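Numbering (full-length UniProt numbering), first residue to last: 1 to 317. Worksheet: one structure, shown below.
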């Protein structure tokens with residue numbers, strides 16, 4: 001497999017996961033926008049732009065923050081590289097270059113998804129935002145189901161999975177950062193309401209209750225979404241899956257694989273930090289430091305993977 005093919009596979013996983021996670025982040029926002037600090041129109045929609053990290057790009061096109069402008073920009077604007085449509089479009093384009101090597105079902109699903117989004121307008125979103133973003137999540141789930149069902153368990157699959165779980169870890173961190181920021185200086189009831197909305201947005205409410213029963217508190221919710229090993233959308237679960245897939249990629253390096261070893265070390269460091277994290281490490285304001293550290297580690301790992309796998313000559317995948 002050529003370097004550029006490995007990179008395309010990695011980004012297919014990242015882009016499809018990013019599309020789903022953006023839909024989930026928007027869903028979180030709709031759950032919590034009724035709180036007092038979201039009453040001001042511009043403030044509540046700028047929070048969503050900041051959560052996705054596209055304020056500079058947004059301000060180049062718009063002077064103020066309105067629901068229609070924000071949703072159009074982060075969902076359908078192909079000029080925004082992080083919009084939902086852009087993510088699906090880029091995943092589909094990467095798949096097109098690999099159509100002869102991957103199951104045809106993946107291309108059919110991604111191409112259909114891309115065409116469907118291309119026909120949508122902001123009016124379609126405004127009719128029923130919850131229903132619209134639910135359809136986004138269902139279509140990404142369809143793609144994931146096909147990938148899990150029909151792909152050979154070789155390097156191609158592992159690069160897609162590596163991209164997917166790196167993106168999932170990073171985006172779960174961003175969702176939690178977005179909500180913990182909005183919870184500052186709020187009473188316990190408001191904080192609980194917003195944290196419960198996060199659980200529901202990642203389809204984790206019922207799973208959480210199995211572990212904590214009636215002990216529902218913001219601290220328990222944070223612990224569950226950061227360190228639970230069994231819940232598929234927790235940061236710890238994603239870190240374990242990421243390290244597993246990276247460790248099982250079969251590669252021959254002309255330089256002995258020093259770059260690959262760095263990738264494995266960094267992935268193992270993230271996993272170990274989460275394995276040995278205790279509740280006290282996330283208490284109070286400490287959770288902000290934990291989340292920022294995890295986000296920085298994910299970004300660093302992504303850069304190391306790019307150097308080790310996709311930009312290095314003399315590598316045979």
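Beta carbons: idealized from backbone N, C-alpha and C, even for Gly. Just so you know, these numbers come straight off a predicted model, no measurement behind them.
Buried versus exposed call for residue 77 [16 or more other C-beta atoms within 10 Å across all chains shown]: buried
Residues near residue 233 in its chain [Cβ-Cβ closer than 8 Å; skip 5 each side]: 168, 172, 202, 203, 204 and 225
Beta carbon of residue 101 nearer than 9 Å to that of residue 156: yes
Boundaries of the alpha helix (DSSP H) in which residue 143 is found, first to last residue: 129-150
For residue 79, the first and last residue of its enclosing alpha helix (DSSP H): Per DSSP, residue 79 belongs to no alpha helix (DSSP H) and is neither H nor E.
Cutoff 6 Å; reference residue 142; Cβ partners in own chain excluding five residues on either side: 109
Residue 249: CB within 8 Å of a non-hydrogen atom of the ligand GTP: Judged by which ligands are present, the structure shown has none, so any question about the ligand GTP falls away.
Cα-Cα separation, residue 319 to residue 276: Given that the chain is displayed from residue 1 to residue 317, the structure contains no residue 319 and the question cannot be resolved.
In chain order, each beta strand (DSSP E) run of at least 3 residues that lies wholly inside the region 189-220: none
Option nearest residue 136 by Cα separation, candidates 229, 160, 152 and 22: 22
Three CB pairs or more closer than 8 Å across the region 118-132 and the region 60-73: yes
For residue 283, the three-state DSSP class (helix, strand or coil): coil
Delimiting residues of the alpha helix (DSSP H) encompassing residue 113: 104-118
Short Cβ contact (9 Å threshold) for residue 67 with residue 165: no
Spatial neighbours of residue 212 in its chain, beta-carbon cut-off 8 Å, leaving aside the 5 residues before and after: 220 and 224
Spatial neighbours of residue 248 in its chain, beta-carbon cut-off 7 Å, leaving aside the 5 residues before and after: 158
Where the alpha helix (DSSP H) containing residue 243 begins and where it ends: 235-247
C-alpha gap between residue 139 and residue 207, whole angstroms: 23 Å
Within 9 Å, strictly: CB atoms of residue 180 and residue 222: yes
Spatial neighbours of residue 264 in its chain, beta-carbon cut-off 8 Å, leaving aside the 5 residues before and after: 243, 246 and 247
Proximity below 9 Å, CB of residue 286 to CB of residue 270: no
For residue 296, the three-state DSSP class (helix, strand or coil): helix
Same chain, Cβ closer than 7 Å to residue 52, five either side skipped, listed in chain order: 22, 25, 74 and 82
CB of residue 11 within 9 Å of CB of residue 111, strictly: no
Closest residue to residue 237 among 268, 196, 8 and 178 (Cα-Cα distance): 268
Contact set for residue 183: own chain, Cβ-Cβ below 8 Å, skip 5 residues either direction: 190, 191, 194, 195 and 218
Cβ shell of residue 118 (< 6 Å), same chain only, five flanking positions each side left out: none
Beta-carbon contacts of residue 132 that lie in its chain and below 7 Å, excluding the five residues immediately before and after: 124 and 125
Neighbourhood of residue 84 by C-beta distance below 8 Å, restricted to the same chain and skipping five residues each side: 19, 22, 23, 74, 75, 76, 117 and 136
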